[in-house]
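Beneath this line is the structure, given in structure tokens, with notes to follow.
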Amino acid sequence: MKKIILSLFLYCALGGQSDKWTETLIYNAYFGGIYVAEGQLKIDVQNTGVDSVIHILFQAKTISVADYIFPINDKINIDVNSKTWTPKSIKKVIREGEYQHDSFTQLFPEKNIFIYKNDTISYVPPVYDPYSLIYQFRKKTLISGNNFQFNIIDGGKIALLQFDVSPVEKIRIPMGEYNTVKVMPMRTDGKSFKNAGQLTIWYSTESINKIPVKINIKLKFGSLKLELARII
Numbered sequence: 111m112k113k114i115i116l117s118l119f120l121y122c123a124l125g126g127q128s129d130k131w132t133e134t135l136i137y138n139a140y141f142g143g144i145y146v147a148e149g150q151l152k153i154d155v156q157n158t159g160v161d162s163v164i165h166i167l168f169q170a171k172t173i174s175v176a177d178y179i180f181p182i183n184d185k186i187n188i189d190v191n192s193k194t195w196t197p198k199s200i201k202k203v204i205r206e207g208e209y210q211h212d213s214f215t216q217l218f219p220e221k222n223i224f225i226y227k228n229d230t231i232s233y234v235p236p237v238y239d240p241y242s243l244i245y246q247f248r249k250k251t252l253i254s255g256n257n258f259q260f261n262i263i264d265g266g267k268i269a270l271l272q273f274d275v276s277p278v279e280k281i282r283i284p285m286g287e288y289n290t291v292k293v294m295p296m297r298t299d300g301k302s303f304k305n306a307g308q309l310t311i312w313y314s315t316e317s318i319n320k321i322p323v324k325i326n327i328k329l330k331f332g333s334l335k336l337e338l339a340r341i342i
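Residue numbers (this note's numbering): 111 to 342.
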């Protein structure tokens with residue numbers, strides 16, 4: 111019944127479209143198998159008068175006593191072009207224990223450059239952000255054995271990643287039990303990921319909109335596992 115309700119909700123709320131969203135996904139976040147935080151993934155369209163911009167917000171914050179043991183307070187704001195889904199700006203405020211990271215990236219696609227902190231870096235378009243790719247894959251055909259390659263902004267560098275689609279597997283999350291396909295990234299140069307550069311995503315096959323019901327995020331010190339709890 112939960113799966114039927116979820117599918118109907120998504121179809122009605124999103125108008126049956128697979129490329130336009132206004133939604134907030136709330137996740138229970140686990141660190142080392144312990145429920146320690148709440149995660150949020152929110153998307154909406156903002157009209158700028160010239161062209162619409164899609165705004166994506168990801169944040170994770172520890173709850174209760176976990177906030178005193180190993181506090182996590184991450185917030186990532188991304189503006190992407192509504193037509194190409196390529197980022198226009200990326201703002202990160204990362205707080206994980208004693209680790210802190212603040213950065214702002216501004217992209218200038220007409221010049222094929224981006225400014226990261228105080229550095230100006232040229233690139234060959236298109237490039238994407240890992241969090242905006244969560245929505246990009248919802249527009250793709252996700253079948254076991256398929257793979258995709260994207261150039262991803264990784265700090266002040268561009269990394270070519272390949273994303274492989276796994277066979278269907280059944281998982282259980284707070285919202286119920288779902289058949290899913292997993293999309294997992296790999297670097298093509300054999301190097302390791304930087305902080306929060308590696309996202310593995312499980313998409314439900316129960317809905318045409320491929321809701322991301324589970325996300326595993328690599329942090330500076332371990333991994334944060336997000337499981338969908340509710341949709342606003």
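Just so it is clear, CB atoms sit at the ideal spot from N, CA and C, and this is done for glycine as well.
- Task: Taking the CB atoms as reference points, tell me whether LYS171 and ILE182 lie closer together than 8 Å.
- Result: As a working note, residue 171 is residue 61 in the sequence shown. As a working note, residue 182 is residue 72 in the sequence shown. Yes, they are a contact pair.
- Message: What would DSSP say about TYR233, mapped onto helix, strand or coil?
- Response: Here residue 233 refers to the residue found at position 123 of the sequence shown. In this structure, TYR233 counts as coil in the three-state DSSP scheme.
- Nearest residue (CA-CA) to ILE420, options ILE144, LYS152, TYR226 and ASP189: Beyond the ends of the chain as shown, which are 111 and 342, falls residue 420; an answer cannot be given.
- Contact belief for TYR209 with LEU336 at Cβ below 8 Å, rounded distance in angstroms: Reading the sequence shown from its first residue, position 99 is the one you call residue 209. Reading the sequence shown from its first residue, position 226 is the one you call residue 336. Not a contact, Cβ separation roughly 19 Å.
- Query: If you follow the beta strand (DSSP E) that GLN308 is part of, which residue opens it and which one closes it?
  - Reply: The sequence position of residue 308 within the sequence shown is 198, counting from 1. From DSSP, GLN308 is part of no beta strand (DSSP E); its letter is neither H nor E.
- How far does the alpha helix (DSSP H) with ILE244 in it reach, from first residue to last? Position 134 of the sequence shown, counted from the first residue, corresponds to residue 244. Note, ILE244: alpha helix (DSSP H), 240-246.
- Message: With distance defined between alpha-carbon atoms, name the residue in TYR238, LYS193 and THR215 nearest to ILE225.
- Response: On the sequence shown, residue 225 is found 115 positions in, with the first residue counted as 1. Out of TYR238, LYS193 and THR215, THR215 has the C-alpha closest to the C-alpha of ILE225.
- With distances taken between CB atoms, is the gap from SER333 to VAL323 smaller than 8 Å? On the sequence shown, position 223 is the one that residue 333 refers to. On the sequence shown, position 213 is the one that residue 323 refers to. No, the Cβ-Cβ distance between SER333 and VAL323 is not below 8 Å.
- Task: Could you name the residues that DSSP lists as bridge partners for GLU148?
- Result: Residue 148 sits at position 38 when you count from the first residue of the sequence shown. Beta-bridge pairing links GLU148 to ASN138 and LYS171.
- Message: If you measure between the beta carbons of ILE204 and ASP184, is that distance less than 8 Å?
- Response: Position 94 of the sequence shown, counted from the start, is the residue given in the question as residue 204. Position 74 of the sequence shown, counted from the start, is the residue given in the question as residue 184. Yes, the Cβ-Cβ distance between ILE204 and ASP184 is below 8 Å.
- Cα-Cα separation, PHE247 to ASN191: To locate residue 247, count along the sequence shown from 1; it is residue 137. To locate residue 191, count along the sequence shown from 1; it is residue 81. So the alpha carbons of these two residues sit roughly 16 Å apart.
- Task: Please name the residue in ILE173, VAL237, PHE180 and ALA339 whose C-alpha comes closest to that of MET285.
- Result: Against the sequence shown, residue 285 aligns to sequence position 175. Per the Cα distances, ALA339.
- Message: In this structure, how does DSSP classify ASP189 when only helix, strand and coil are distinguished?
- Response: For the purposes of this step, residue 189 is taken as residue 79 along the sequence shown, with counting starting at 1. Strand at ASP189.
- Nearest-angstrom beta carbon gap, SER213 and LYS227 [assumed within contact, 8 Å]: Here residue 227 refers to the residue found at position 117 when the sequence shown is read from its first residue. Here residue 213 refers to the residue found at position 103 when the sequence shown is read from its first residue. Contact flag correct, Cβ pair sits at about 6 Å.
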